[in-house]
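*Asks:* Below is one structure. I have some questions about it.
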Amino acid sequence: MEMLNWLNANFYRKKPDKNIARRAIRHLKKLEKTQLFSPELSQMRAAEGRWYESLIYEMLLELTETTGKVKYVVRKGADAPFPPIEIKLGQNGIFYSNRGDINIRGNGQDIAEFDIVFVDYKDRICFCEIVTSASDLKDMEAEVHYKKKLLSYLYAQAVVPFVLFSSVDISRSSIMRRLMRETESTLIITPTCEELKNVLHRDSIRGVPRKPVENNRLIGIEKIPIKRPFDYKKLHDMKRDRTLEIMMNGGGKEEMAKPDEIPPVSKKVLFGALYPSAIRSLMHNRTYTMNSKKYVYDDMKNEFSKMVLAVDIPEYEPVIYLRSKKKNEYLKIVRKKSGELKVESKRTPQMTGFYLWLESLRPTLGSDVAGRYAEVFLDCAVETHKKGRAEAAEITEDSKNSAEYPEKSRNGAKPDKSVKAVKSDKSVKTLKAINDSDKRGGRNRNNERSGDRSGAGRKSKGDKTVKTFKTDKDVKSAENGKTGSNGKNDNNGRNGKTQKPQSRRRKNKPNGNKTNGNMANEGKVNGNGVNATGTPNRESGSEAAAPKVWAKPKKSAGKMKSYAERSMRITEE
-13 MEMLNWLNAN FYRKKPDKNI ARRAIRHLKK LEKTQLFSPE LSQMRAAEGR
37 WYESLIYEML LELTETTGKV KYVVRKGADA PFPPIEIKLG QNGIFYSNRG
87 DINIRGNGQD IAEFDIVFVD YKDRICFCEI VTSASDLKDM EAEVHYKKKL
137 LSYLYAQAVV PFVLFSSVDI SRSSIMRRLM RETESTLIIT PTCEELKNVL
187 HRDSIRGVPR KPVENNRLIG IEKIPIKRPF DYKKLHDMKR DRTLEIMMNG
237 GGKEEMAKPD EIPPVSKKVL FGALYPSAIR SLMHNRTYTM NSKKYVYDDM
287 KNEFSKMVLA VDIPEYEPVI YLRSKKKNEY LKIVRKKSGE LKVESKRTPQ
337 MTGFYLWLES LRPTLGSDVA GRYAEVFLDC AVETHKKGRA EAAEITEDSK
387 NSAEYPEKSR NGAKPDKSVK AVKSDKSVKT LKAINDSDKR GGRNRNNERS
437 GDRSGAGRKS KGDKTVKTFK TDKDVKSAEN GKTGSNGKND NNGRNGKTQK
487 PQSRRRKNKP NGNKTNGNMA NEGKVNGNGV NATGTPNRES GSEAAAPKVW
537 AKPKKSAGKM KSYAERSMRI TEE
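Position one of the sequence shown corresponds to residue -13 (the numbering used here), numbered consecutively onward.
Dropping the structure here:
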């Protein structure tokens, strides 16, 4: 930790000048140099990120000349040897990429890439990660954990020191606080890329050749050989066999994720390619989406020649690779939360190592493995989705019972549905008349339970009469399409579902002898076919009648009584 504290203190004090900023440009390719001051924001940000990474490398190299805390910095970028070793299947170890990045390969594929690698005064391998954005911090945390485990195994180190450089302040992030609490980890925040780039201008990119420099603190990757040589394919197959054994014996993801004695070098397990019968079994009642088009088994049979099953570790999320018949590429299929499959990305020959590995796989898996794979990794999301829908339906049913039988529900007892059968002839006739009135008014029981919030009528507290408004303002509001505070066409721009105007039900007076108006004729206003809501009555056949009455919206409407409760009250009266 002494070395990390020294780096923290000195990086904050060091301000990069024009010379070191120009030296960082030599690591960029010709196209990236021109994009460093590009008017296209996306291109400029990408070039700035590459330049910022090179700047940190140059600053660290300059700081090592003044201290013994850091012994060596591993060459990268323009300082790396060119051309690099060609990628082949079976390669395991540390290699350079085409642009000078430091990679660890397993079976020919790059399994880890390191921004900066250096050696401290205790001869320990340390690494740095560099970020210029606060996004995707969770994925970065998983990458850091994997790289620590990988270096710890390959170099036989109990602790792997780690430094995170950032051009944005991410110190308040919970992910960063959790990451920095780990042993031998530190965060160094520098000025933003825009501030650091102020020492440069367009002419600064000229005359900076891409060639290595001589420095006694620079070493190549051959000076830090791996202490534990490994066979990635062998370790991968051990992990694959263990996962398949658990899966075929009825185990799930929880059992697969338990720690084992296999070294943690694999990030992905490739189970193998499927026979045609296994593909048919896997895609039974399943589809995947690409470019807004859903593909079924027949489409896959016509467009793809191979299907490879895999899972990502340690999440054990399913991944399927499809070999296109038309192009030299594999489509990477992942699962959405709803259980559907979608295309996430492509694997092309540019990803040489992994592409060659996929090409080398031949069909080895049958229908039994494909079916079990679907049960463990694909159907779990569908079951969770269905379970959530079932719980929602149960809650809705409980709410329905609570609305129909409020007295019973408030006391916590189950609603007694036999109450509905105890009705007098008078209450049955009244209920029938109410139902007929609802049909003319365009209402249903769901609208009743939700309450009359559109304010189609206002009930007076004294005599329980329905008061309607015929002012010019109300009619004008109706013609302008106002729908209330929850409507989509509200002039105030508030969102919500459009609600149709609804009318209050006319009820009996306290003496129970008379009603306010004839229910059978309450939809007639001034001789026109208009119902109580002010909309044309379709049953009357008069579609051309304009709204004559528009109810004044009520600010707060009480809950409507249910049919059963109102009919029971009428019976009691």
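Yeah, the Cβ is synthetic: ideal placement off N, Cα and C, and Gly gets one too.
For the alpha helix (DSSP H) that Gly258 lies in, which residues bound it at each end?
*Replies:* Walking along the sequence shown from the start, residue 258 turns up at place 272. That residue, Gly258, is in no alpha helix (DSSP H); its beta strand (DSSP E) goes 254 to 260.
*Asks:* Determine contact between the segment 31 to 40 and the segment -1 to 16, defined as no fewer than three beta-carbon pairs at a distance below 8 Å.
*Replies:* Segments in contact, yes.
*Asks:* Can you say whether Pro69 is buried or exposed, counting buried as having 16 or more other CB atoms within 10 angstroms of its CB?
*Replies:* Counting from 1 along the sequence shown, the entry for residue 69 is found at position 83. Exposed is the call here.
*Asks:* Might you give, ordered along the chain, the residues of its own chain that have their beta carbon closer than 8 Å to the beta carbon of Gln21, omitting 5 neighbours on each side?
*Replies:* On the sequence shown, residue 21 is found 35 positions in, with the first residue counted as 1. The answer, listed in chain order, is Gln29, Met30, Ala32, Ala33.
*Asks:* First and last residue of the alpha helix (DSSP H) that includes Gln21?
*Replies:* The sequence position of residue 21 within the sequence shown is 35, counting from 1. 16 to 21 is the span of the alpha helix (DSSP H), which, as asked, contains Gln21.
*Asks:* Sort Asp285, Arg272, Asp284 by Cα distance to Ala360 and report the nearest one.
*Replies:* Stepping through the sequence shown from its first residue, residue 360 is reached at position 374. Of Asp285, Arg272, Asp284, the residue nearest in Cα terms is Arg272.
*Asks:* Could you compute how far the alpha carbon of Tyr281 sits from the alpha carbon of Glu127?
*Replies:* For this step, residue 281 is matched to residue 295 along the sequence shown. For this step, residue 127 is matched to residue 141 along the sequence shown. Distance between the alpha carbons of Tyr281 and Glu127 is about 35 Å.
*Asks:* Under three-state DSSP, which class holds Tyr107?
*Replies:* Locating residue 107 in the sequence shown gives position 121, counting from the first residue. If DSSP states are grouped into helix, strand and coil, Tyr107 belongs with coil.
*Asks:* Quick check: the Cα distance between Lys253 and Asn78, rounded to an integer number of angstroms?
*Replies:* Sequence index remark: in the sequence shown, residue 253 carries index 267 (1-based). Sequence index remark: in the sequence shown, residue 78 carries index 92 (1-based). Taking the straight line joining both Cα atoms gives about 15 Å.
*Asks:* For Val408, name the three-state secondary structure that DSSP assigns.
*Replies:* In the sequence shown, counting from the first residue as 1, residue 408 sits at position 422. For Val408, the predicted structure reports a pLDDT of 39, less than 50, and the residue's modelled location is therefore unreliable. A value from the coordinates is still provided. Note: Val408 maps to coil in three-state DSSP.
*Asks:* Taking 8 Å as the limit between beta carbons, can you name the residues of its chain near Ala243, skipping five residues before and five after?
*Replies:* For the purposes of this step, residue 243 is taken as residue 257 along the sequence shown, with counting starting at 1. Answer for Ala243: Pro300, Tyr302, listed in chain order.
*Asks:* Leaving aside the five residues before and after Asn499 along the sequence, list all residues of the same chain whose C-beta is less than 6 Å from its C-beta, in chain order.
*Replies:* Walking along the sequence shown from the start, residue 499 turns up at place 513. The predicted position of Asn499 is uncertain, since its pLDDT is 45 and thus under 50; a value taken from the coordinates is nonetheless stated next. None.
*Asks:* Looking at the unbroken alpha helix (DSSP H) that takes in Gln336, where does it start and where does it end?
*Replies:* On the sequence shown, residue 336 is found 350 positions in, with the first residue counted as 1. Segment: none, Gln336 is in no alpha helix (DSSP H) and carries neither H nor E.
*Asks:* Could you tell me the distance, in whole angstroms, from the CA atom of Asn641 to the CA atom of Cys179?
*Replies:* The structure shown does not extend to residue 641, since the chain is modelled only from -13 through 559, so no value can be given for it.
*Asks:* How about Pro304 and Val294: do their beta carbons lie closer than 8 Å?
*Replies:* On the sequence shown, residue 304 is found 318 positions in, with the first residue counted as 1. On the sequence shown, residue 294 is found 308 positions in, with the first residue counted as 1. No, they are not a contact pair.
*Asks:* Name the one or two DSSP bridge partners that Pro349 has.
*Replies:* To locate residue 349, count along the sequence shown from 1; it is residue 363. Looking at the DSSP assignment, Pro349 forms a beta bridge with Ala259.
*Asks:* Should Ile248 be labelled buried (16 or more other beta-carbon atoms within 10 Å of its own) or exposed?
*Replies:* For the purposes of this step, residue 248 is identified with residue 262 of the sequence shown, where counting begins at 1. With fewer than 16 Cβ atoms within 10 Å of its Cβ, Ile248 is classed as exposed.
*Asks:* May I ask you to report which of helix, strand or coil DSSP gives Val297?
*Replies:* Translated into the one-based positions of the sequence shown, residue 297 becomes position 311. Three-state result, Val297: strand.
*Asks:* How far does the beta strand (DSSP E) with Lys209 in it extend, from its first residue to its last?
*Replies:* In the sequence shown, counting from the first residue as 1, residue 209 sits at position 223. From DSSP, Lys209 is part of no beta strand (DSSP E); its letter is neither H nor E.
*Asks:* Is there contact between the segment 165 to 182 and the segment 138 to 155, where contact requires at least three CB pairs shorter than 8 Å?
*Replies:* Flag = yes, the segment 165 to 182 and the segment 138 to 155 touch.
*Asks:* If you compare alpha carbons, which of Asn(-4), Val105, Gln95, Asp101 is closest to Ser209?
*Replies:* Numbered from its first residue, the sequence shown carries residue 209 at position 223. What sits at residue 209 in the sequence shown is Lys, not Ser. It is Val105.
*Asks:* Got a sec, what are the start and stop residues for the beta strand (DSSP E) Ser171 sits in?
*Replies:* Numbered from its first residue, the sequence shown carries residue 171 at position 185. 171 to 175 is the span of the beta strand (DSSP E), which, as asked, contains Ser171.
*Asks:* Just tell me which of Glu200, Glu115, Ser138, Lys279 has its CA closest to the CA of Met166.
*Replies:* Start at 1 with the first residue of the sequence shown, and residue 166 comes out as number 180. Checked all of Glu200, Glu115, Ser138, Lys279; the closest Cα to Met166 is Glu115.
*Asks:* Leaving out the 5 sequence neighbours to the left and right, which residues in its chain are closer than 7 Å to Arg214 when beta-carbon positions are compared?
*Replies:* Taking the first residue of the sequence shown as 1, we reach residue 214 at position 228. These residues qualify, in order along the chain: Tyr139, Leu140, Ala142.
*Asks:* The beta strand (DSSP E) with Glu303 in it runs from where to where?
*Replies:* For the purposes of this step, residue 303 is identified with residue 317 of the sequence shown, where counting begins at 1. 303 to 310 is the span of the beta strand (DSSP E), which, as asked, contains Glu303.
*Asks:* Taking the alpha carbon of Glu44 as the point to measure from, which residue in Ser119, Val199, Arg85 has its own alpha carbon closest?
*Replies:* On the sequence shown, position 58 is the one that residue 44 refers to. Out of Ser119, Val199, Arg85, Val199 has the C-alpha closest to the C-alpha of Glu44.
*Asks:* Tell me the rounded alpha-carbon separation between Phe(-3) and Gly206.
*Replies:* Numbered from its first residue, the sequence shown carries residue -3 at position 11. Numbered from its first residue, the sequence shown carries residue 206 at position 220. Spanning the two alpha carbons is a distance of roughly 24 Å.
*Asks:* How would you call Ala259, buried or exposed, if buried means at least 16 neighbouring beta carbons within 10 angstroms?
*Replies:* Position 273 of the sequence shown, counted from the start, is the residue given in the question as residue 259. Buried is the call here.
*Asks:* Tell me, please, whether the segment 224 to 234 touches the segment 95 to 102 by the rule of three or more beta-carbon pairs shorter than 8 Å.
*Replies:* Segments in contact, no.
*Asks:* For Asn184, does the three-state DSSP call read helix, strand or coil?
*Replies:* In the sequence shown, the residue the question calls residue 184 occupies position 198. Helix at Asn184.
*Asks:* Identify, in the order they occur along the chain, each residue of the same chain with its Cβ nearer than 7 Å to the Cβ of Ile161, setting aside the five sequence neighbours on each side.
*Replies:* Locating residue 161 in the sequence shown gives position 175, where the first residue counts as 1. Cβ within range, chain order: Leu123, Lys124, Glu127.
*Asks:* What do you get for Met269, buried or exposed, if any count of 16 or more other CB atoms within 10 angstroms of its CB means buried?
*Replies:* As a first step, residue 269 must be located in the sequence shown, where it is residue number 283. Its Cβ being crowded by 16 or more others within 10 Å, Met269 is buried.
*Asks:* Measuring only the C-alpha atoms, how far is Arg(-1) from Val59?
*Replies:* The sequence position of residue -1 within the sequence shown is 13, counting from 1. The sequence position of residue 59 within the sequence shown is 73, counting from 1. So the two alpha carbons sit approximately 20 Å from each other.
*Asks:* Would you report the Cα separation of Ile80 and Ile88, rounded to the nearest angstrom?
*Replies:* As a first step, residue 80 is located in the sequence shown; it is residue number 94 there, counting from the start. As a first step, residue 88 is located in the sequence shown; it is residue number 102 there, counting from the start. Roughly 7 Å separates the two Cα atoms.
*Asks:* Can the beta-carbon of Ile212 be found less than 8 Å from the beta-carbon of Tyr274?
*Replies:* Taking the sequence shown and counting its residues from 1, one reaches residue 212 at position 226. Taking the sequence shown and counting its residues from 1, one reaches residue 274 at position 288. Contact flag unset, no.
*Asks:* Please report the straight-line C-alpha distance between Gly398 and Ser121, rounded to a whole angstrom.
*Replies:* The sequence position of residue 398 within the sequence shown is 412, counting from 1. The sequence position of residue 121 within the sequence shown is 135, counting from 1. The predicted model places Gly398 with a pLDDT of 44, which falls under 50 and marks its position as unreliable; any figure quoted below should be read in that light. In a straight line, the C-alpha of Gly398 is about 48 Å away from that of Ser121.
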